[in-house]
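> Under my numbering, the letters of the sequence shown match residues 13 to 68, in that order. One structure is given below, represented as structure tokens, and several questions about it will come after.
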Amino acid sequence: MRDLAEFAPETASRMRGVFCDIDDTLTTEGRLPADAYRALERLHEAGLVVAPITGR
């Protein structure tokens with residue numbers, strides 16, 4: 013996983029969204045921790061589409 017700040021500005025400006033796994037990536041013991049929720053909010057506030065996904 014990379015912090016968005018690590019991307020070159022021209023690359024970051026072309027990003028439209030983020031896909032992220034839910035189970036044991038965003039969640040811990042089946043719960044979404046506050047810091048993970050805040051990270052999702054920050055992505056949304058930055059104008060990115062957030063697409064949480066699961067293989068279950």
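All C-beta atoms in this analysis are idealised placements derived from N, C-alpha and C, irrespective of residue type, glycine included.
Might you give, ordered along the chain, the residues of its own chain that have their beta carbon closer than 7 Å to the beta carbon of Leu55, omitting 5 neighbours on each side?
Indexing the sequence shown from 1 puts residue 55 at position 43. The residues are Val30, Val62.
> Taking the continuous beta strand (DSSP E) assigned at Ala24, which residues delimit it?
One-based indexing of the sequence shown puts residue 24 at position 12. Unbroken run through Ala24 is the alpha helix (DSSP H), 21-24; no beta strand (DSSP E).
> With DSSP run on the structure shown, which of helix, strand or coil describes Ala17?
Numbered from its first residue, the sequence shown carries residue 17 at position 5. Helix at Ala17.
> Quick one: grab the DSSP three-state call for Arg68.
Here residue 68 refers to the residue found at position 56 when the sequence shown is read from its first residue. It is coil, neither helix nor strand.
> Could you tell me the boundaries of the beta strand (DSSP E) in which Ile35 lies?
Numbered from its first residue, the sequence shown carries residue 35 at position 23. Note that residue 35 corresponds to Asp in the displayed sequence, not to Ile. Careful: Asp35 lies outside any beta strand (DSSP E) and carries neither H nor E.
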